[in-house]
Every structure is written in structure tokens, then in C-alpha cells.
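Numbering (the numbering used here), first residue to last: 1 to 211.
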Amino acid sequence: MLKTRFITSFIVCIGFLLFSSCGPKLTQSGFLSSYNNLEESEANATMLSYINPNIEKGKYKKLMVDEITTKFGKKAKGLKINQEKLDELTAYFKAEIINALSTDYTLVDQVGDDVAQIQIAITEIIPTRLTSNIFPIGVAVNTATGRGKGGASLEMKVVDSQTKALLGQAIDNRKNRSYIRSFSKFGNARGALTYWSKLLKERIDLFKAAQ
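So, in C-alpha cells, the structure goes:
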């Protein structure tokens, strides 16, 4: 299978990883450079996205995935957070994403003229008081089933690895979160992360098959 032929589609498909938030309002964490250009996508109703219309087709043949960034919501103030656990699971999340994509995409760890750089942030993290020592993905699962008041959101941007020019970005669509129900069957954060990574890979494969 030809690798990296659908780099632009990755900008769209990664939105499938986006998960729950406590309310319908689109909160601007500041991770993205702009939130005004985000729109709903027919290809994926679970997110708001933007793709730079001036992307040079065929230029980007490799992907580089940055470390996962985390940003806590204002309502998380005063709650104890197990930072060691958070770091462990964000590293696991990145590893699962890389593992899922590596079969059909060329992944690198150095910038280059043909490298698209993926930057991901888990933002607006609000753990429940009962599970504040656990990575909030478990709380997001609880939110999907009506338990707890925690939550999190995911923001993503793809840039040219050398010039840092924006190629695309995405954030979860608060108006369309029915997909979160699928995550309620997981009882641990690692299981949810692995599942999300596999769904990402499946979505990319489906998109490629339709082209």
C-alpha cells in the first residue's frame, strides 16, 4: 500500500479522536491560533475543522507526531491531579496513535521539506472530585453515560514542519457527540486510548478506499 498519499485526509480524520466536553459552548483554550475558521465537515460530523485551501498537493509524504499537550479547564482548580499518571497515559496515547498509523504512513521524528507536523492537545480537562487522581479520559467515559461532571476536549493542528505554516486544524464538535456512547464500555483509560487509535486508523483507511 502506498504510504502517505493521503496526508491531507489525516487532517480531517484525526478529528474522530475528539472526545467529550461538559457543555455545548466551544471553549477557546488558546492552543489553536484561530477558532474562527473552524467549520462542520460532511466527512466527519464529530468535529469542527479547517483545511488550508492552498496546501501543495503531493508535497507532504511523511508525518511527525509531537508529544501530547495537556491543558486543564478553569473548573479543575483546586482538584488534585496525578501528574505522573497523566504523563504516563499521554505517552501511551501517542504510542498508540503511532502504532495505528505506522502500517500505512511513514512516520519520522525529524523536520523536513515533505514532513507534516501533527500537534495534539487534550484541553479543558476537568476531572471529577471522585476520580481526580485518574487521567480524565475515564471521566469522559463517565460523562458519556451520564455519570460524573468531568470532561475533556481534544484540539489538533497540522503544520509544515519547517515553516510552521498551518495546513489544517480541528476541535471536537460539541453539537454532535453521539459517538461518545461507544466509549462507555471501557473501564480504563488505556482501553479507551487503544480503541480511539484503532478507530482513527479505520477512518483513514475508509477515506482512502473512497478516493
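Yeah, the Cβ is synthetic: ideal placement off N, Cα and C, and Gly gets one too.
The model shown is predicted, which means the values in this text are computed figures rather than measured ones.
For Phe72, the enclosing beta strand (DSSP E) covers residues Thr69 to Phe72.
Proximity of the stretch 25-40 to the stretch 80-96 falls short of the contact definition, fewer than three beta-carbon pairs being nearer than 8 Å. No Cβ-Cβ contact shorter than 8 Å links Ser49 with Gln162.
Taking the CA atoms as reference points, Ala116 sits about 6 Å from Met64. A straight line joining the alpha-carbon of Pro53 with that of Thr123 spans about 27 Å. By the beta-carbon neighbour count (other beta carbons within 10 angstroms, threshold 16), Lys157 is buried. Secondary structure at Asp109: coil, using DSSP grouped into helix, strand and coil. Contact between Asp66 and Ile118 holds, since their C-beta atoms are separated by about 6 Å, short of 8 Å.
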